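Undergrad: Taking the numbering used here, I'd label the letters of the sequence shown as residues 228 to 618. No residue lacks a Cβ here, since even glycine has one placed at the ideal position from N, Cα and C. Owing to the predicted nature of the structure, the values given are computational and were not obtained by experimental measurement. I'd like to ask some things about the structure below.
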Amino acid sequence: MTRQVLIVGAGIGGLSAALAASRAGWLPRLYEQAPHLSEVGAGIQLGPNTTRILHSWGLDRALAQVAAFPQRLRVRSAHDGGELGTLALGDTLAQRYGAPYACVHRADMQALLLEAARMEGVVPVLASRVSAVVAFGDAVALRVKGGAEVEGDALIGADGLWSRVRELIWRDGPPPATGHVAYRSVASQEGLPPALRTQDVNVWLGPRMHLVAYPVRGGDALNVVVLVEGRSSGPADDWDQHAVTAELQRAMGESCAPLRDLVNAMPGWRLWSLHDRAPMRSADAMAQGCVALLGDAAHPMRPYFAQGAGMAIEDARELGRALSSVGGPIDVPLALRRYALNRWQRVARVQGLSRRNGRIFHAMGPVRWARDLAMRVMGERLLDQPWLYGE
């Protein structure tokens with residue numbers, strides 16, 4: 228009889244998990260609390276470590292239809308616009324690591340994975356908020372609010388930052404606020420002044436803030452995010468455009484004119500409060516018995532290493548490997564334990580580096596001067612990540 232895995236959350240992590248589980252010979256049953264699927268947010272960056280997995284799943288053509296593949300990463304000073312360092316992407320990075328560096332809109336990535344999952348016969352059950360989880364022996368049951376109880380051989384919580392599965396099983400409280408906020412906007416490149424259009428990844432570093440701009444949607448749109456250290460004076464879900472834009476302009480401080488021009492040209496800024504958890508300390512943070520966590524539910528991280536989606540997709544690949552090993556002496560708890568053991572240290576390293584990068588990006592005074600000097604002298608060596616991007 229085909230084993231069943233219950234997956235909570237139909238975002239990038241949950242859909243990737245469903246796809247990997249199906250290809251491991253399991254029957255995924257996918258539950259999503261939202262009444263319809265829509266990724267709120269903007270762009271994400273996918274390093275070669277992530278695109279290599281997508282290619283192995285046969286999604287290279289689908290990715291090529293929606294992603295942009297920038298040729299270069301440029302790091303600049305937000306104060307004077309001067310270039311601090313560069314890293315060749317495009318064919319150079321693809322040849323080095325066997326897969327490209329891609330930038331894609333979250334909604335496009337979710338749609339791509341949803342279509343791939345549907346081709347495997349996986350259809351998300353929407354409007355399904357989890358009300359209870361019951362683990363017993365070699366099985367687990369999921370109770371959905373207003374619905375029936377469903378049973379499976381394993382349960383995967385891929386339900387994001389505010390994971391209900393984590394809340395019910397791990398009971399370790401909500402993820403704390405970082406004190407950092409993100410302002411996000413996406414615009415058609417055609418509607419921007421020519422001087423502001425780009426097909427590169429551009430990072431501008433300033434005191435207590437930095438800005439990242441890169442193409443998405445085949446290069447037709449520009450994604451911009453400004454990450455600011457210091458709590459917003461308004462609520463985290465404040466969509467008052469005038470207030471959000473005014474606060475962003477204040478946060479830009481004495482940034483150079485080209486950077487201010489870019490911020491002023493982008494429409495519809497949205498504000499997010501950033502949350503994370505401390506780097507994991509053991510495999511117990513990812514798996515307990517027949518239940519495991521994946522992606523942001525397991526290891527929410529700050530966006531200063533551009534690996535949040537990448538780590539979720541890596542989790543899904545490892546989960547598929549673990550599930551395919553079940554049988555004989557290897558039961559589900561042991562397989563999920565192996566999944567967690569094979570993931571937690573790498574993810575903890577990325578979590579820690581994400582925090583460290585935030586401190587470096589937002590440095591002031593002598594630390595800022597030392598950072599800029601190091602970038603000018605060793606830019607490519609500092610920006611390349613062989614341990615992360617390689618096999």
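1. Does the Cβ-Cβ distance between L198 and A237 come in under 8 angstroms?
2. Taking DSSP as the reference, what is the three-state secondary structure of S415?
3. For A328 versus L320, is the C-beta spacing smaller than 8 angstroms?
4. Could you tell me the distance, in whole angstroms, from the CA atom of P297 to the CA atom of V232?
5. Taking 8 angstroms as the threshold (C-beta atoms), are V367 and V518 in contact?
6. Grab me the residues of P462's own chain with a C-beta within less than 7 angstroms of its C-beta, minus the 5 sequence neighbours each way, in chain order.
7. If you run the structure through DSSP and keep just helix, strand and coil, what is E618?
8. I'd like to check one pair, A359 with L395: are the Cβ atoms closer than 8 angstroms?
9. List the residues that DSSP assigns as beta-bridge partners of M436.
10. Nearest-angstrom Cα distance between L316 and C330?
11. Using the rule of at least 16 other Cβ atoms within 10 Å of the residue's Cβ for burial, across every protein chain shown, is D503 buried or exposed?
12. So which of H282, A305, G252 has the shortest CA-CA distance to I650?
13. Could you have a look at A525 and say whether DSSP puts it in helix, strand or coil?
14. At a cut of 8 angstroms, does the stretch 576 to 583 reach the stretch 269 to 278 through at least three beta carbon pairs?
15. Can you tell me whether T319 is helix, strand or coil according to DSSP?
16. How many angstroms separate the CA atom of A470 from the CA atom of S415?
17. Whole angstroms are fine: how far does the CA of Y410 sit from the CA of G522?
18. Could you have a look at R393 and say whether DSSP puts it in helix, strand or coil?
19. Can you look up W499 in the DSSP assignment and give me helix, strand or coil?
20. With a threshold of 8 angstroms between beta-carbons, can L561 be considered close to chain B, or not?
21. Quick one: is D380 buried, meaning 16 or more other Cβ sit within 10 Å of its Cβ, or exposed?
22. Would you kindly check if the distance between the Cβ of L486 and the Cβ of A269 is under 8 angstroms?
23. When the Cβ atoms of the stretch 602 to 614 are set against those of the stretch 544 to 553, are three or more pairs found closer than 8 angstroms?
24. Do M336 and P434 have their C-beta atoms within less than 8 angstroms of each other?
25. With a Cβ-Cβ cutoff of 8 angstroms, do R529 and G585 count as a contact?
26. Identify, in the order they occur along the chain, each residue of the same chain with its Cβ nearer than 6 angstroms to the Cβ of V452, setting aside the five sequence neighbours on each side.
27. Could you tell me which of S390, A362, W389 sits nearest to V377, measuring between CA atoms?
28. DSSP three-state call for E347: helix, strand or coil?
29. Per DSSP, N450 is paired with what?
30. Return yes when the Cβ of A575 is within less than 8 angstroms of the Cβ of M479, no when it is not.
31. Closest by CA to S390, which one among W571, R544, E618, A524?
32. CA-CA distance, W431 and G406?
33. When the distance is taken between beta carbons, is A510 closer than 8 angstroms to L273?
TA: The relevant details are as follows:
1. Absent from the structure is residue 198, since the part of the chain shown begins at 228 and ends at 618.
2. strand
3. The question names Ala, but residue 328 in the sequence shown is Tyr. Yes, they are a contact pair.
4. 37 angstroms
5. yes
6. Confidence at P462 is low in this model, with a pLDDT of 49, below 50, so its placement is unreliable and no value can be given for it.
7. coil
8. yes
9. G433, V455
10. 11 angstroms
11. buried
12. Because the chain spans 228 through 618 in this model, residue 650 falls outside it and cannot be assessed.
13. coil
14. no
15. helix
16. 23 angstroms
17. 22 angstroms
18. helix
19. strand
20. Given the protein chain composition of this structure (a single chain), no chain B is represented.
21. buried
22. no
23. no
24. no
25. yes
26. A409, R411, V439
27. A362
28. coil
29. V413, Y441
30. no
31. A524
32. 20 angstroms
33. no
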